[in-house]
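Take a look at the structure below.
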Amino acid sequence: MTRSLEENKQLSQLLFPKVEKTVEDYEKIYPKRQLNESAKVTRFAPSPTGFVHIGGLFSALISERIAHQSEGIFYLRIEDTDKKREIDHGIEGIVDSLKNFGINIDEGYISESDEIGAYKPYKQSERMEIYHTFIKSLIEQDKAYPCFSTTEELEQLRKNQEDSNITPGYYGEFAIYRNKSFVEIKEKLDANIPFVIRLKSTGSPDRKISYKDIIKGNMEFPENIQDIVICKSDSLPTYHFAHAIDDHVMGTTHVIRGDEWLPSVPVHLQLFYTLGWKAPKYGHIPPILKQDGNSKRKLSKRKDPEAAVSFYHQEGYPTESVLEYLLNLANSSFEDWRKVNSEKSWNEFPFKAEKIGVSGALFDLVKLTDVSKNAISRMSAQDVYHKLLDWSKKYDQEYYSILFANKENSLKMINIERENKKPRRDISKWSEVKEYFSYMYDELYKINDVLDFPENVTNEDIKIILNGYVNIYNHNDTKEEWFNRIKDFSNSIGFATDMKDYKANPDNYKGSITDTTTVIRVAITGRKQGPDIYEIMNILGTKKVTLRLNVSKN
RNA sequence: GCCCCCAUAGUCUAGAGGCCCAGGACGCUGCCCUUUCACGGCGAAGACACGGGUUCGAAUCCCGUUGGGGGUACCA
422 MTRSLEENKQ LSQLLFPKVE KTVEDYEKIY PKRQLNESAK VTRFAPSPTG FVHIGGLFSA
482 LISERIAHQS EGIFYLRIED TDKKREIDHG IEGIVDSLKN FGINIDEGYI SESDEIGAYK
542 PYKQSERMEI YHTFIKSLIE QDKAYPCFST TEELEQLRKN QEDSNITPGY YGEFAIYRNK
602 SFVEIKEKLD ANIPFVIRLK STGSPDRKIS YKDIIKGNME FPENIQDIVI CKSDSLPTYH
662 FAHAIDDHVM GTTHVIRGDE WLPSVPVHLQ LFYTLGWKAP KYGHIPPILK QDGNSKRKLS
722 KRKDPEAAVS FYHQEGYPTE SVLEYLLNLA NSSFEDWRKV NSEKSWNEFP FKAEKIGVSG
782 ALFDLVKLTD VSKNAISRMS AQDVYHKLLD WSKKYDQEYY SILFANKENS LKMINIEREN
842 KKPRRDISKW SEVKEYFSYM YDELYKINDV LDFPENVTNE DIKIILNGYV NIYNHNDTKE
902 EWFNRIKDFS NSIGFATDMK DYKANPDNYK GSITDTTTVI RVAITGRKQG PDIYEIMNIL
962 GTKKVTLRLN VSKN
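The first sequence begins at 422 in our numbering and counts up one residue at a time.
Here is the structure:
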């Protein structure tokens with residue numbers, strides 16, 4: 422029944438006549454990396470099947486940290502073995518997303534069609550010859566074989582197995598093509614019957630396999646007993662096989678991936694073992710979840726706009742905000758570190774892979790907002806201005822022109838209370854700034870029909886305040902002079918300046934200095950809240966201030 | 001069905017048998033400071049899923065239950 426060594430050799434030749442190189446050739450073409458003992462090699466290996474998912478960015482970030490913190494290599498490999506789901510410009514999207522977030526790769530694709538690095542090609546569809554060479558060798562060694570079962574037959578098999586309550590799948594006695602004779606196989610091949618290549622499993626159902634996951638710790642699984650497909654009928658490798666080949670050949674030391682891969686570990690370990698290689702270390706990260714009714718679920722590409730990293734770009738969250746939020750999700754000690762290292766870059770944080778939580782976290786936009794406010798408050802006005810320009814150039818042309826034309830004033834505005842020991846924390850994303858500072862620009866500022874003055878001040882008093890203030894306003898006042906002037910003025914019209922006294926005897930006054938300034942603020946900015954009103958008036962200038970005061974009176 | 005993973009407040013988490021009648025951050029909230037907001041200061045409410053063990057002692061170890069997530073493809 423079984424085939425002789427010679428027959429297997431013939432079979433491999435029959436199957437892969439065009440493969441000329443040998444396994445040894447490839448070990449020479451792609452030699453082992455010359456790196457320090459401690460240097461780690463990681464990769465981000467997405468499929469170009471859609472936009473980059475926030476979970477993808479999460480694993481890319483973790484992989485990048487692990488590599489670069491150990492002075493190792495981080496590379497980008499495109500896993501395009503599923504031609505059915507591939508999209509146009511998929512690679513470009515991936516490359517751009519990483520670039521945008523400042524996650525630097527050492528090897529792999531740097532644009533839709535250009536790649537760098539000594540282990541190219543970094544796209545699986547271009548590595549066919551490599552995979553076939555290794556498959557050919559496995560067949561020669563009787564470790565793999567062609568299987569001619571049709572999808573229908575396999576479905577039927579599964580159904581029968583389920584009905585008789587035995588483990589479903591293609592294994593053991595059900596692996597009918599495992600030991601077919603050379604003659605039988607040749608007949609099928611000559612008849613052009615489509616086939617896949619399967620790996621002959623060496624696993625046993627009553628043996629366990631254990632390994633230590635970098636993130637999840639000690640794991641134990643039953644061995645894989647299935648004769649898994651390693652080469653599909655379109656002659657492309659399956660993910661499992663390409664993973665083993667590429668990560669060995671490219672010298673990956675640590676594989677970081679989503680924990681949906683956890684159940685495949687026995688398969689992968691078996692693959693490495695069968696190929697005679699040392700398996701990389703694995704780290705399985707939990708998914709990023711979203712609350713959906715009563716349950717949590719993975720952020721969905723189809724249902725959740727916030728699943729796409731492009732969403733954060735559009736909204737104008739600075740990349741470091743998103744990265745820091747993600748970093749905090751991975752290592753919760755990040756925020757403590759950030760508190761005492763406010764001027765450092767996120768990539769100086771001593772990241773620890775083994776500290777990553779094991780269970781999935783809900784993505785919390787509110788927390789992201791907080792992280793982002795902090796991140797932006799740490800930036801210089803120049804920095805904020807330029808980031809704002811970059812963002813608006815892409816997403817808000819009108820605002821871009823305004824910012825561009827009003828550089829000086831914009832910078833001053835952004836800088837209000839920015840250089841305090843504790844800077845303002847009012848901006849969390851670029852898309853909200855236009856509205857937030859709209860009163861700064863004549864093009865954007867519109868006096869509301871109904872100004873929202875404080876309720877406790879009568880219309881009559883509002884007029885008194887506005888009329889009086891127009892007369893005493895002096896653009897050349899220092900802040901102190903200005904404040905003294907407001908105080909005197911408030912006193913003169915019956916508004917308290919001593920807050921303690923006001924609180925003790927509110928009935929003695931029409932209101933307090935808070936009300937006076939708020940009325941002025943509303944008249945000038947249309948808002949009850951905002952940065953230091955003295956600074957704002959200073960930037961606006963006498964002309965605009967008096968104009969707005971006069972307009973608001975009516 | 002079978003296999004695997006997970007389980008501390010609304011959210012993210014610290015916690016690796018006594019330091020914990022559980023600490024931090026976000027959020028929520030009270031007060032103080034204050035020309036508003038922000039900042040800052042001082043507070044408040046809020047959690048070890050449940051049930052059994054083991055132990056002098058358990059959030060921490062074991063077993064079970066429940067709940068959640070994942071896998072079970074010629075998808076990754």
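Ideal placement from N, C-alpha and C gives every residue a C-beta, glycine not left out.
Secondary structure at F465: strand, using DSSP grouped into helix, strand and coil. Sequence-distant Cβ neighbours of L809 in its own chain, meaning closer than 7 Å and more than five residues away, are L824, W851, V854. Annotated three-state conformation of F916 is strand, per DSSP.
In the structure shown, N639 falls within a strand segment according to DSSP collapsed to helix, strand and coil. With fewer than 16 other beta carbons inside 10 angstroms of its own, T963 counts as exposed.
In this structure, N926 and T918 do not form a Cβ contact; the two beta carbons are roughly 13 Å apart against a cut-off of 8 Å. Unbroken alpha helix (DSSP H) stretches of 4 residues or longer found wholly inside the region 879-903: 880-893, given in chain order. The beta-bridge partner set that DSSP reports for G932 consists of F916. Using a 10 angstroms sphere on the CB of E458, the tally of other CB atoms stays under 16, which defines it as exposed. Taking each of R628, F555, S534 in turn and checking the Cα distance to S433, the smallest one comes out for F555. The beta carbons of I487 and K504 sit no closer together than 8 Å.
With contact defined as three or more Cβ pairs closer than 8 Å, the region 645-654 and the region 781-791 are not in contact. The continuous stretches of beta strand (DSSP E) do not include F732, which lies in the alpha helix (DSSP H) extending over residues 730-736. Looking from the CA of K717, the closest CA among Y866, A782, Q577, G514 belongs to A782. Residue pairing by DSSP puts R718 in a beta bridge opposite K711. S742 sits buried, since 16 or more C-beta atoms from the chains shown fall within 10 Å of its C-beta. Secondary structure note for R799: it is in no beta strand (DSSP E), with a DSSP letter that is neither H nor E.
About 6 Å separates the Cβ atoms of G477 and P467, confirming a contact at the 8 Å cut-off. Three or more pairs of CB atoms, one per stretch, sit closer than 8 Å, so the region 628-637 contacts the region 702-721.
When secondary structure is reduced to three states using DSSP, V779 falls in the coil class, being assigned neither helix nor strand. Under the three-state reduction of DSSP, K629 is assigned to strand.
A contact is defined here as three or more CB-CB pairs under 8 Å, and the region 571-585 fails this definition with respect to the region 532-541.
The straight-line gap separating the alpha-carbon atoms of L968 and M958 is approximately 12 Å. Annotation: E829 to L961 spans about 11 Å, alpha carbon to alpha carbon. For the pair Q691 and G624, the Cα-to-Cα distance works out to about 8 Å.
Under DSSP, no beta-bridge partner is assigned to K504. Spanning the alpha carbons of I618 and E594 requires a straight line of approximately 17 Å. Taking 8 Å as the cut-off, the beta carbon of Y552 is found closer than this to the beta carbon of I666.
Contact holds between the region 516-533 and the region 734-750, because three or more Cβ pairs, one in each stretch, are under 8 Å apart.
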